[in-house]
Amino acid sequence: MVKQPILILTHNGWGLELLKSVQMIVGEISNVHEVALNAEDSLPEYLERVKTQIEQLEWQENLLILTDIKGGTPSNVALRLSKDYKVVAISGLCASMLLEAVMKQETGGFTRGIAQEIHKAVVDSCQLLELPIKQ
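In full-length UniProt numbering, the protein residues as written are 1 to 135.
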């Protein structure tokens, strides 16, 4: 089955570094693309670069877009793009989110239900780590 594309939108390109970290866990990853928002980018410039990347991708169901910070420019651009493209976007990008998304690339398409599964996996992975206190 074809791996569905994942588009990562982050500030200053840290999504690419996150991708490298996840590759340490699962090995080679394909069909994951990042469009970094750089400090010198205007909103229209960034939006155009993201649109250019989207136009190069082929997907089933929805294009999965992962963004870093809810309310930040990359997330706002993802929301804006949902008017013109079939996308499902999730904010709060972290290693567990990217890992879960990569593991679901071969499901035949990113549906809203699969996006909810990715979101739940991320919430479940966020834990306060503590050793028991000896009495």
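Beta carbons are placed, not taken as given, at the ideal position from N, Cα and C, and that holds for glycine.
Counting only runs that start and end inside the UniProt domain "PTS EIIA type-4" (3 to 135), the alpha helix (DSSP H) elements of at least 4 residues fall at 14 to 26, 43 to 55, 73 to 81, 95 to 103, 112 to 125.
Asn-62 counts as buried, since no fewer than 16 other beta carbons sit within 10 angstroms of its beta carbon. In the assembly as shown, Asp-68 is a buried residue. Its beta-carbon has 16 or more other beta-carbons within 10 Å. Taking a contact as a CB-CB distance under 8 Å, the pair Pro-74 and His-33 does not count as one, their CB atoms being some 13 Å apart. Between the C-alpha atoms of Ala-36 and Thr-10 there is a straight-line separation of about 5 Å. Between the alpha carbons of Val-122 and Leu-16 lies a gap of roughly 19 Å.
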